[in-house]
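Novice:
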Amino acid sequence: MYISNCEKLKIDIQNLNSLEELSIEDCGGLHKLTSLRDLSILGIDDRDLVSFPTVEKENKNEMMLQLPKSLVYIHINGFPNLKKLSNNFQFLTSLEQLDICDCPKLASIPEEGLPRSLERLEISMCPLLEERCKGRYWPKIARIPFVQIDNKLIHK
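First residue of the sequence shown? That's 1260 in the numbering used here, and the numbers climb one at a time after it.
1. Which residue wins for smallest C-alpha separation from K1328, given the options S1376, S1383, P1398 and N1340?
2. Look up N1347 in the DSSP assignment and say whether it is helix, strand or coil.
3. Would you mind working out which of L1357, Q1407, K1399 and L1387 sits nearest N1340, comparing C-alpha positions?
4. Spatial neighbours of F1348 within its chain, please: CB distance less than 7 Å, with the 5 preceding and 5 following residues excluded, ordered by chain position.
5. Comparing C-alpha positions only, which one of M1384, L1354 and E1378 sits nearest to P1363?
6. Can you check the stretch 1360–1414 for any beta strand (DSSP E) of at least 3 residues that lies completely inside it and give the ranges in chain order?
7. For I1382 versus I1403, is the C-beta spacing smaller than 8 Å?
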């Protein structure tokens, strides 16, 4: 399923039980999807997103995004102001592959690290995160069997 340009996406698609793949571009919100396995989030013009996934207090009227544990693959692309991956990533216990591209301000991965299930990490066009993954974040990602940073194989 492909959804594009829905600033205030409010449809409840959690009842689409057979949905396995979803691509979202320039959309402001999602609901919990319990069967989803692949998720691509493209946000070239989303200048407000600074943390992903976003889970803020409801009284702040912030986007609430809770990713399903069924996710195996996540592709995040084109968020110019994304600064960190939130601690909620540790609960994605089925996640095997994470691709992050074109997030120039992204500088932080979760303090608790990435899910133990992660087998493949690819980072490109994220200069701050790329540098940290080669340095101080290396202990957090060294156990991942396949790590590619800026199209260079770092670990296999």
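We treat Cβ as the ideally placed atom computed from N, Cα and C, and that holds for glycine.
Specialist: According to the structure data:
1. S1376
2. helix
3. L1387
4. P1369, L1373 and P1374
5. M1384
6. 1379–1383, 1405–1408 and 1411–1414
7. no
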